[in-house]
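Numbering (UniProt numbering), first residue to last: 1 to 183.
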């Protein structure tokens with residue numbers, strides 16, 4: 001079965017589409033909620049084994065200076081109750097998810113605006129002149145399945161390159177994971 005197409009596809013240097021989404025902490029977040037040099041927006045969820053396999057990596061990145069990790073869950077929570085706001089809150093309370101913000105995209109409009117197609121689907125932005133511009137979109141690491149151990153971490157390489165003020169020159173291929181369960 002083919003995955004539904006997203007409404008857009010971001011290219012390197014494109015400005016991050018703005019959003020206004022509720023977080024599991026009860027706060028509402030926009031791009032202006034973050035002021036780090038690098039912003040990693042990851043479309044993810046609770047139930048996908050590919051997404052679960054990357055929780056630790058993303059939690060570790062979220063503890064680093066100058067990088068904010070924002071998880072956005074756009075899956076249909078009626079069809080996939082594990083992806084409900086209540087379950088998202090439980091994952092945060094249990095410490096399974098420790099991102100800077102874990103947001104709910106109930107209509108999946110934000111996922112479509114970013115061109116996200118799977119979970120996890122990471123978009124790394126660099127802050128330039130007060131705006132976040134796309135620096136990297138692709139795989140987090142070289143593990144092709146949720147049970148495989150990664151040996152190369154593309155997202156860490158991309159973050160280091162952004163911190164150094166250089167252009168990211170990585171192309172490990174598209175993100176891998178479960179298709180977004182469009183509402």
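Don't be surprised by glycine CBs; every beta carbon is placed ideally from N, CA and C.
| Query | Result |
| --- | --- |
| Simplified DSSP assignment, three categories, for residue 153 | coil |
| For residue 166, the nearest candidate out of 173, 150, 126 (CA to CA) | 126 |
| Coil, strand or helix - residue 161 by DSSP | helix |
| Beta strand (DSSP E) runs contained entirely in the stretch 17 to 44, provided each spans 3 or more residues | 38 to 43 |
| Residue environment, residue 116, which counts as buried when at least 16 other CB atoms sit within 10 Å | buried |
| Top-ranked residue by Cα proximity to residue 71, from 60, 97, 79 | 97 |
| Residue 41 versus residue 64: straight-line alpha-carbon distance, rounded | 15 Å |
| Neighbourhood of residue 2 by C-beta, 8 Å cutoff - its chain only, sequence neighbours within 5 removed | Any answer about residue 2 is weak, because its pLDDT of 38 lies below 50 and its placement is not dependable; what the coordinates show is given next. Closer than 8 Å at the Cβ level, and outside the excluded window around residue 2, lies no residue. |
| Within 8 Å, strictly: CB atoms of residue 75 and residue 181 | yes |
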